[in-house]
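Chemist:
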Amino acid sequence: MNIGIIGYGYVGSAVAAAWSDRARVRFHDPAVQGSAPLSELVHDDVVFVCVPTPSRPDGRADLSAVQAVLGELAAARSSAVVVLKSTVPPGSTVALSERFPDLALAVAPEFLRERSAVADFLAPARLVLGFPPSTSAPARDRVRTLLHDRFPDTPLLELDATAAELVKYAANVFFATKVGLAAELAEVAGSLGVPWDEVRRGMALDPRIGDDHLRVPGDDGLPGFGGRCLPKDLAAWLALADDLGRDATVARAVHLANQKRRGAG
Ligand SMILES: NC(=O)c1ccc[n+]([C@@H]2O[C@H](COP(=O)([O-])OP(=O)(O)OC[C@H]3O[C@@H](n4cnc5c(N)ncnc54)[C@H](O)[C@@H]3O)[C@@H](O)[C@H]2O)c1
C-alpha cells in the first residue's frame, strides 16, 4: 500500500505515525524538510489531505488550501482515493466532488488533540468515514480496508459525506459549550469560596458528564477555550447556521461568552 499525505502538521504527521510501519508513506508539504514533490504522490493508493482550514474574517472556513490541493491532484489525473482529514464544513465534500468529478473523494474527520496528537490518532474512540455519492464502490472499499486493517477493534461509522462532516462540527461545538459552561460554573464556585476542582471531581464521577473539558483554567492557563480548533470550528458553525437560517442561540452565547471571558469582545 502506498500512502501519500499532503500537509504535514499535527494531523499529517499523526497519519504518518499510524501507517509508516506497514505501508510506504510519503508526504508533500513545502514547509517541512523531507517533502516529496506532489507529483510523486498522485498515484498512491490513498492520499490524505491534512492542510489547514483557518477562519476567514467572516468566520467561515477558508477552504482555499484544500481546493488548491484537489485542483493539483485533478490536474495530474490522480488515481488515488483522496481522503479529507482537514476539517471542512458540512456540504464541502459533496461540493468538491462536483467540482473535481474525476477524483475519488472521502472525508474522515479527525478528532485528535494537539497536545497528544499521535497518541490520540493511534487510539481513536471511533472512526468516522463519509463518501459523496460519486465515489465508486472499489474506491470506498480501499479506504474502508485501510482503516479497518489499521484499527480492527475501533468502531467505524460510515455515513454520507455531509453527515460525517457534521459529526466533527457537532462534537467541537459540544466541547466548546462544555468548556465555556465549566468556566462559568467555576466562577460561581469561586464566588462561593468553593474550589472548582472539588465540584469538578463530583461532576466528573457521573459517567454522563465525565472529566474531559472540565478543567478551569485550561491548558493555556486561561478560562474558556482557545487553541486553533474550537474557536474556528465554532465560528464556522455559526456562519453555517446563519446560511441555513437556523437558530444557534446556544452556540452563539458560548462564542460571545468566550470572547468576553478572554477579553476579545
Ligand atoms: N490540530 C488539531 O488538533 C486538529 C484536530 C482535528 C482536525 N484538525 C484539522 O486538520 C487540518 C490540519 O490541521 P493541523 O493542526 O495538522 O495543521 P498544521 O498547521 O499543524 O499543519 C498543516 C500543514 O499543512 C501545510 N500546508 C498548507 N498548505 C499546503 C499545501 N497547499 N500543500 C501542502 N501542504 C500545505 C502547512 O505547511 C502545515 O505544515 C485543519 O483543517 C484542522 O482544523 C486539526
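Heads up: the sequence shown begins at 31 in my numbering, then just goes up one per residue. For glycine and all other residues, C-beta sits at the position ideal for the given N, C-alpha and C. Please read all numbers here as calculations on a predicted model, not as lab measurements.
Assuming Val-111 and Val-173 make a contact with CB atoms under 8 Å, what is their CB distance in whole Å?
Modeler: The residue labelled residue 111 in the question sits at position 81 within the sequence shown. The residue labelled residue 173 in the question sits at position 143 within the sequence shown. Between Val-173 and Val-111 the Cβ distance is about 5 Å, and since that is below 8 Å, they are a contact.
Chemist: Return yes when the Cβ of Val-137 is within less than 7 Å of the Cβ of Glu-188, no when it is not.
Modeler: One-based indexing of the sequence shown puts residue 188 at position 158. One-based indexing of the sequence shown puts residue 137 at position 107. No, the Cβ-Cβ distance between Glu-188 and Val-137 is not below 7 Å.
Chemist: Go to Leu-189, then tell me how far its beta strand (DSSP E) extends in each direction, as first and last residue.
Modeler: Numbered from 1 along the sequence shown, position 159 holds the residue referred to as residue 189. Residues 186-190.
Chemist: May I ask you to report which of helix, strand or coil DSSP gives Ala-53?
Modeler: Within the sequence shown, residue 53 is the residue found at index 23, counting from 1. The answer is coil: DSSP assigns Ala-53 none of H, G, I, E or B.
Chemist: Mind checking who Asn-288 pairs with in its DSSP beta bridge?
Modeler: In the sequence shown, counting from the first residue as 1, residue 288 sits at position 258. DSSP, once it has assigned bridges, lists no residue as partnering Asn-288.
Chemist: In angstroms, rounded to a whole number, what distance separates the CA positions of Leu-270 and Leu-264?
Modeler: The residue given as residue 270 occupies position 240 in the sequence shown. The residue given as residue 264 occupies position 234 in the sequence shown. Those two C-alpha atoms are separated by around 10 Å.
Chemist: Output needed for Pro-154: all residues of its chain with C-beta closer than 6 Å, excluding positions within five of it in sequence on either side, in chain order.
Modeler: Reading the sequence shown from its first residue, position 124 is the one you call residue 154. If we look at Pro-154 and ignore the five residues flanking it on each side, its Cβ neighbours are Thr-184.
Chemist: For Lys-115, count neighbouring C-beta atoms within 10 Å of its own C-beta (all shown protein chains included) and say buried if the count is 16 or more, exposed if not.
Modeler: Locating residue 115 in the sequence shown gives position 85, counting from the first residue. Buried, by the Cβ-count rule.
Chemist: With a cut-off of 7 Å, does the C-beta of Ala-169 fall near any C-beta of chain D?
Modeler: Here chain D cannot be found, since the structure has a single protein chain.
Chemist: If you draw a straight line from the alpha carbon of Thr-123 to that of Gly-223, how long is it in whole angstroms?
Modeler: For this step, residue 123 is matched to residue 93 along the sequence shown. For this step, residue 223 is matched to residue 193 along the sequence shown. The alpha-carbon atoms of Thr-123 and Gly-223 are separated by roughly 50 Å.
Chemist: What runs of the beta strand (DSSP E), each 3 residues or longer, lie entirely inside the segment 97-172?
Modeler: 111-114, 134-137, 157-161, all fully within the segment 97-172.
Chemist: Return yes when at least one heavy atom of ligand 1 lies under 6 Å from the C-beta of Val-111, else no.
Modeler: Residue numbering aside, residue 111 sits at position 81 when the sequence shown is read from its first letter. False, no ligand heavy atom lies under 6 Å from that Cβ.
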